[in-house]
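S.K.:
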Amino acid sequence: MDAVKEELAPLQSLKHSADTEPTPKLEAASKQAAPPVKVSAQRQMPAKQVVKGIYVSAWSAVGNKLEQLIDLVDQTDLNAMVIDVKNDSGQVTYTSAVPMVNEIGANSHVIIRDLKGTLKRLKDKHIYTIARVVVFKDPYLSKKKSNYAMKTYQGGVWQDNKGIAWVDPYKEEVWEYNLQIAKEAAQLGFDEVQFDYVRFPENSKRVDAEVKFDNPRKWTKAQVIESFLGKAKERLGNEVYISADVFGLTTSSDNDMGIGQDWSMISKQVHYISPMLYPSHYSNGMYGIKYPDLQPYAVIHKAISDANGKNSNLMRVSAPTAEIRPWYQDFTATWVKPHKKYGNVDVKEQIKAAREQGVEQFLLWNSNSTYSYR
Numbered sequence: 001m002d003a004v005k006e007e008l009a010p011l012q013s014l015k016h017s018a019d020t021e022p023t024p025k026l027e028a029a030s031k032q033a034a035p036p037v038k039v040s041a042q043r044q045m046p047a048k049q050v051v052k053g054i055y056v057s058a059w060s061a062v063g064n065k066l067e068q069l070i071d072l073v074d075q076t077d078l079n080a081m082v083i084d085v086k087n088d089s090g091q092v093t094y095t096s097a098v099p100m101v102n103e104i105g106a107n108s109h110v111i112i113r114d115l116k117g118t119l120k121r122l123k124d125k126h127i128y129t130i131a132r133v134v135v136f137k138d139p140y141l142s143k144k145k146s147n148y149a150m151k152t153y154q155g156g157v158w159q160d161n162k163g164i165a166w167v168d169p170y171k172e173e174v175w176e177y178n179l180q181i182a183k184e185a186a187q188l189g190f191d192e193v194q195f196d197y198v199r200f201p202e203n204s205k206r207v208d209a210e211v212k213f214d215n216p217r218k219w220t221k222a223q224v225i226e227s228f229l230g231k232a233k234e235r236l237g238n239e240v241y242i243s244a245d246v247f248g249l250t251t252s253s254d255n256d257m258g259i260g261q262d263w264s265m266i267s268k269q270v271h272y273i274s275p276m277l278y279p280s281h282y283s284n285g286m287y288g289i290k291y292p293d294l295q296p297y298a299v300i301h302k303a304i305s306d307a308n309g310k311n312s313n314l315m316r317v318s319a320p321t322a323e324i325r326p327w328y329q330d331f332t333a334t335w336v337k338p339h340k341k342y343g344n345v346d347v348k349e350q351i352k353a354a355r356e357q358g359v360e361q362f363l364l365w366n367s368n369s370t371y372s373y374r
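Going by UniProt numbering, the letters in the sequence shown line up with residues 1 to 374, in that order.
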């Protein structure tokens with residue numbers, strides 16, 4: 001619907017909110033080389049679960065912080081963690097054996113020095129583990145291999161409004177790089193691989209006017225994203241579950257919003273689809289809600305209703321259909337006017353709005369991995 005597409009422009013970047021909350025500096029990580037982790041042979045699919053999870057940054061997946069988060073899981077109905085394997089900077093957070101990772105030094109600042117040990121610790125606690133792989137927003141690969149970067153018509157490396165370079169989603173060498181990292185994560189023991197930033201940059205009018213994509217097959221953006229995820233499922237789908245993070249408005253839009261994220265096309269290629277339904281990221285007036293950040297229940301109720309409708313349409317024609325597992329807001333969006341301080345009550349309002357419509361699974365986002373949920 002055109003009205004929904006028009007609402008996209010005023011939104012804050014619907015990235016997980018790490019863009020707006022501080023994170024530790026790389027210098028704090030160990031720069032000393034660690035031996036590459038040994039991977040296991042192909043494994044059987046893990047048992048399916050009703051996942052109730054939290055985002056765990058690489059910095060939070062070590063030491064006392066990890067123990068605090070394990071305690072949180074123990075004390076609540078939470079049962080899963082989404083852990084950064086390849087982050088928003090393009091850094092691989094563990095010591096990888098993937099050739100290009102080592103060629104370009106993408107894991108030169110290892111954060112999780114004993115990933116296999118960490119996964120064993122979580123398995124012993126019966127915690128479902130999800131590897132987060134940030135795909136096409138990759139300033140590190142763009143810098144080290146500029147031939148893979150999105151390029152302007154003048155031949156320079158294109159940057160978004162925040163000065164961040166992206167890789168060209170049309171380049172299958174970029175697919176292969178990310179799929180090798182995802183494959184390694186699966187073989188290390190993760191139960192699921194979640195692809196984030198599996199899209200083109202927002203502000204599509206500007207992007208399309210400035211970027212010369214490497215697109216000899218004349219694919220649409222939505223075809224590219226669908227094809228990448230289809231390849232991922234083909235390569236990994238017998239070992240781990242595959243999920244994709246998508247903009248919240250994909251639940252309601254009837255097009256790809258200029259970023260290549262078409263709900264129906266993506267839903268056919270993954271086991272789980274995770275719309276980022278952060279109330280703070282909806283523009284004022286969306287869904288007829290004057291100030292969405294102040295009304296988390298209303299926002300989630302409408303978004304999930306639309307998502308269920310889309311999945312019902314897919315099932316009606318016997319199309320493969322991903323299960324819905326939304327991201328909810330467990331952070332305070334101080335940059336939004338007006339906003340409110342989010343706490344446990346607000347988080348549970350979001351969960352309730354979806355649960356009333358049959359969606360039990362959820363993930364909670366806080367870029368610092370500090371949660372109010374109890």
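The beta carbon of each residue, even a glycine, is placed where N, CA and C say it ideally should be.
Rounded to the nearest angstrom, how far is the Cβ of D245 from that of D214, given a contact under 8 Å?
M.R.: Between D214 and D245 the Cβ distance is about 24 Å, and since that is not below 8 Å, they are no contact.
S.K.: In three-state DSSP terms, what is I104?
M.R.: In this structure, I104 counts as helix in the three-state DSSP scheme.
S.K.: Count the other CB atoms within 10 Å of the CB of W335; is the residue buried (16 or more) or exposed (fewer)?
M.R.: That one is exposed.
S.K.: I believe V359 touches P326 by the beta-carbon criterion, under 8 Å. Please report the beta-carbon distance rounded to the nearest angstrom.
M.R.: About 7 Å; that satisfies the 8 Å criterion.
S.K.: Assign A209 to one of two classes, buried (16 or more other C-beta atoms within 10 Å of its C-beta) or exposed (fewer than that).
M.R.: Per the 10 Å Cβ criterion, exposed.
S.K.: Which residue wins for smallest C-alpha separation from I111, given the options S60, L78 and L314?
M.R.: Nearest option by C-alpha distance: S60.
S.K.: Around the C-beta of K221, are 16 or more other C-beta atoms found within 10 angstroms, so that it is buried, or is it exposed?
M.R.: So K221 ends up on the buried side.
S.K.: Where does the unbroken beta strand (DSSP E) through F247 begin, and where does it stop?
M.R.: First-last of the beta strand (DSSP E) with F247: Y241 to F247.
S.K.: Just tell me which of W365, Y328, R113 and S369 has its CA closest to the CA of E349.
M.R.: Cα-wise, what sits closest to E349 is Y328.
S.K.: Under three-state DSSP, which class holds K123?
M.R.: Correct three-state label for K123: helix.
S.K.: Exposed or buried, E356, counting other C-beta atoms within 10 Å across all chains shown (16 or more means buried)?
M.R.: Burial call: exposed.
S.K.: Around the C-beta of R374, are 16 or more other C-beta atoms found within 10 angstroms, so that it is buried, or is it exposed?
M.R.: That one is exposed.
S.K.: Which residue marks the beginning of the beta strand (DSSP E) containing G53, and which one marks its end?
M.R.: K52 to V56 is the extent of the beta strand (DSSP E) around G53.
S.K.: I'd like the span of the alpha helix (DSSP H) that includes M265, first residue to last.
M.R.: Note, M265: alpha helix (DSSP H), W263 to S267.
S.K.: With 16 other CB atoms within 10 Å as the buried threshold, where does T76 fall?
M.R.: Exposed, since its Cβ has fewer than 16 Cβ neighbours within 10 Å.
S.K.: Tell me V82's beta-bridge partners as DSSP assigns them.
M.R.: Answer is Y55 and I130, bridged to V82.
S.K.: Looking at the unbroken beta strand (DSSP E) that takes in D196, where does it start and where does it end?
M.R.: Per DSSP, D196 belongs to the beta strand (DSSP E) from E192 to D196.
S.K.: Alpha carbon to alpha carbon, how far is A28 from A333?
M.R.: With a pLDDT of 37 at A28, under the threshold of 50, the predicted position of this residue should be treated as unreliable, though the coordinate-derived value follows. Answer to the nearest angstrom: the Cα atoms are 27 Å apart.
S.K.: Could you pull the DSSP bridge partners for T152 from this structure?
M.R.: In DSSP, T152 forms a bridge with V211.
S.K.: Any idea if V50 is buried or exposed, counting beta-carbon neighbours within 10 angstroms, 16 or more meaning buried?
M.R.: That one is exposed.
S.K.: May I ask you to list the residues that DSSP assigns as paired with S274?
M.R.: D245, per the DSSP bridge assignment.
S.K.: With distances taken from CA atoms, which of S267, M276 and N255 is nearest L364?
M.R.: Closest by alpha carbon: M276.
S.K.: Assuming S267 contacts N311 (C-beta within less than 8 Å), just tell me the rounded distance between them.
M.R.: Indeed, because the Cβ distance is near 7 Å, the residues count as touching under 8 Å.
S.K.: If I follow the unbroken beta strand (DSSP E) through Y328, where does it start and stop?
M.R.: Note, Y328: beta strand (DSSP E), W327 to Q329.
S.K.: Sorted by chain position, which residues of the same chain lie with C-beta nearer than 6 Å to Q361's C-beta, five sequence neighbours on each side aside?
M.R.: Within the same chain, Q361 has close Cβ partners V50, V51 and R325.
S.K.: Here's a check: name, in chain order, each residue in its chain whose Cβ is nearer than 6 Å to the Cβ of K143, leaving out the five neighbours to either side.
M.R.: Correct list: empty, nothing qualifies.
S.K.: Could you check the C-alpha separation between E121 and S204 for me, to the nearest Å?
M.R.: It should be noted that the sequence gives Arg, not Glu, for residue 121. When rounded, the distance between both Cα atoms is 43 Å.
S.K.: Where does the unbroken alpha helix (DSSP H) through L72 begin, and where does it stop?
M.R.: From DSSP, the alpha helix (DSSP H) with L72 extends over G63 to Q75.
S.K.: Let me check understanding here. Comparing Cα to Cα, which of R235, V73 and K162 lies closest to A186?
M.R.: Selected option, being the one with the closest Cα: R235.
S.K.: Under a Cβ-count criterion, where at least 16 other Cβ atoms within 10 Å of its own Cβ denotes burial, should S318 be classed as buried or exposed?
M.R.: So S318 ends up on the exposed side.
S.K.: Looking at Q180 and K233, is the spacing between their C-beta atoms short of 7 Å?
M.R.: No.
S.K.: From S252 to R199, what does the alpha carbon distance come to, in whole angstroms?
M.R.: Rounded to the nearest angstrom, the two C-alpha atoms are 17 Å apart.
S.K.: Per DSSP, what are the beta-bridge partners of L363 in this structure?
M.R.: The partner list for L363 (beta bridge, DSSP) reads G53 and W327.
S.K.: Just to confirm the assignment: which complete alpha helix (DSSP H) runs, minimum length 4, are found wholly within the region 160-190?
M.R.: Listed in chain order, the complete alpha helix (DSSP H) runs (minimum 4 residues) inside the region 160-190 are 172-188.
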